[in-house]
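Note that the protein sequences, when read in sequence, are chains B and U.
Take 3 as the starting number for the first sequence in the working numbering and just add one per residue.
Take 4 as the starting number for the second sequence in the working numbering and just add one per residue.
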Amino acid sequence: DTGVSQDPRHKITKRGQNVTFRCDPISEHNRLYWYRQTLGQGPEFLTYFQNEAQLEKSRLLSDRFSAERPKGSFSTLEIQRTEQGDSAMYLCASSLEEASPLHFGNGTRLTVT
Amino acid sequence: SQQGEEDPQALSIQEGENATMNCSYKTSINNLQWYRQNSGRGLVHLILIRSNEREKHSGRLRVTLDTSKKSSSLLITASRAADTASYFCAPNTGGFKTIFGAGTRLFVKA
C-alpha cells in the first residue's frame, strides 16, 4: 500500500491557461473522489468515480472543469481557462467501499496569477 | 450524506493538556468518522465509530457518540505539539459522498 499520490504538488499558472492534475489511488480501491479546499475551510466535494464511471459531479464544478478516470485506475482533473478563484488545494481520495474511510493524497496546490 | 459542524472553530492549549472537540449533525447516521489534517497535507483518517457504538479508543484518542443528541466528541489526551492540526468530523448517512465542515483548528503550545 503506497498510499494515494498526486502530481504535481504545486502548480503556478497564469490566468487563462489550462492545467491538469493527476491522482493515483490505492490500487485496490475502486472509488475515487476529488475535493477542493481553500484556506481555513474544509474540503468541498467536487466529483466521484466508481471504477471508470463518474457518478456525481458537484454544482461547484463549472464547465471549465473536467475529470476522467480511464480504465478505473488513475484519474485526471483538468481546469480550462483558469481564473484566480480557482486557486486552491485540490485533494484526491480513494476508498474501498461505500462509507469506508477515505485515504487522501497530499494534494496539488494551484496558484493562478 | 450530511455535513458535521465542529466546535470550537479554534482551540489553543498547552502541551500535556487534553483537547476536546465536538461535532454535531442533523440526521441519523450509519457511522461517523474523524480526520486530521496537518498544514499543507491531505486528511488522515483517525477513527470510525458506528451508530451502535457509544465510545471508541485509539491510542490517545477517545471518541464518543450520542445518537440521541446527534453529537460526537473527540478527546485527545496528553496532547503534544505534533497534534497541532485541523480536525474534521464526517457523519455518514449511507451513500458515497463524505462532506466536511470547516473543522476545528487545534494549536498545541510546547
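Backbone N, C-alpha and C define an ideal beta-carbon position, used for all residues, glycine too.
Here the alpha carbons of S102(B) and N55(U) stand approximately 16 Å from one another.
Taken in chain order, the members of the stretch 37-58 of chain B whose beta-carbon sits within less than 9 Å of a beta-carbon on chain U are Y37, Q39, G42, Q43, G44, P45, E46, F47, Y50, Q52, L57, E58. Across the structure, S89(B) and F110(U) are spaced so that their CA atoms are roughly 26 Å apart. Around the Cβ of R39(U), a 10 Å sphere holds 16 or more other Cβ atoms; the residue is buried.
Within the DSSP bridge table, the entry for R111(B) names H12(B), M91(B) as partners. Listed by position along chain B, the residues whose Cβ is nearer than 7 Å to that of G45(U) are L93, F106, G107, N108, G109.
Annotated three-state conformation of P103(B) is coil, per DSSP.
Distances from the CA of L98(B) to each of P10(B), K73(B), N20(B), L34(B) were compared; the closest alpha carbon is that of L34(B). Contacts with chain B (Cβ-Cβ distance below 9 Å) from the stretch 22-45 of chain U involve N33, N34, Q36, Y38, Q40, G43, R44, G45, listed in chain order. Counting only Cβ-Cβ distances below 8 Å, P103(B) has contacts in chain U at Q36, H48, L51, in chain order. Between G45(U) and G42(B), the CB-CB gap reaches or exceeds 7 Å. Along the stretch 57-73 of chain U, there is no position whose C-beta sits under 8 Å from a C-beta of chain B.
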